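For the sequence shown, the working numbering assigns the number 1 to the initial residue and increments by one for each residue that follows.
Following: one structure in structure tokens, then a few remarks.
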Amino acid sequence: MDYFLYICIMAVRIRKDGRVFCAALSIAQEGDCYIDDGLHYELSVIRKVLVTTDHDYHMKNGGEWWWKGQEPSDLIMSKRYYE
1 MDYFLYICIM AVRIRKDGRV FCAALSIAQE GDCYIDDGLH YELSVIRKVL
51 VTTDHDYHMK NGGEWWWKGQ EPSDLIMSKR YYE
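Structural data, given as structure tokens:
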């Protein structure tokens, strides 16, 4: 497994509108559903159904994640989710 990926998997927040953000890079809002590190690891590393961009873009843009198949077409997702 990619060591970098392992150390970067942290909890996420799912907003009422369905958007998903890194919990460490976002401020909690009323109604957020908090997903812990373990479940996030399962969804993004093991099952690869929760995807994001490469690290630099991810860190500079609020740590947003997307459900696979719902990612924006104008962004390039990290290749690790499609291998």
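By construction, the Cβ of each residue, glycine as well, lies at the ideal position given by its N, Cα and C atoms.
Note that the coordinates shown come from a computational prediction; the quantities given were computed from them, not determined experimentally.
- Going by beta carbons, I46 and D32 fall outside the 8 Å limit.
- When the five nearest sequence neighbours on each side are left out, the beta carbons in the same chain lying within less than 7 Å of the beta carbon of V49 are those of L43, W67 and K68, in order along the chain.
- For Y81, there is no enclosing alpha helix (DSSP H), as DSSP marks it with neither H nor E.
- Going by DSSP, L39 is part of the alpha helix (DSSP H) stretching over D37 to Y41.
- The beta carbon of V20 sits closer than 6 Å to the beta carbons of V12, I14 and W65 from its chain, once the five residues preceding and following it are set aside; these are given in chain order.
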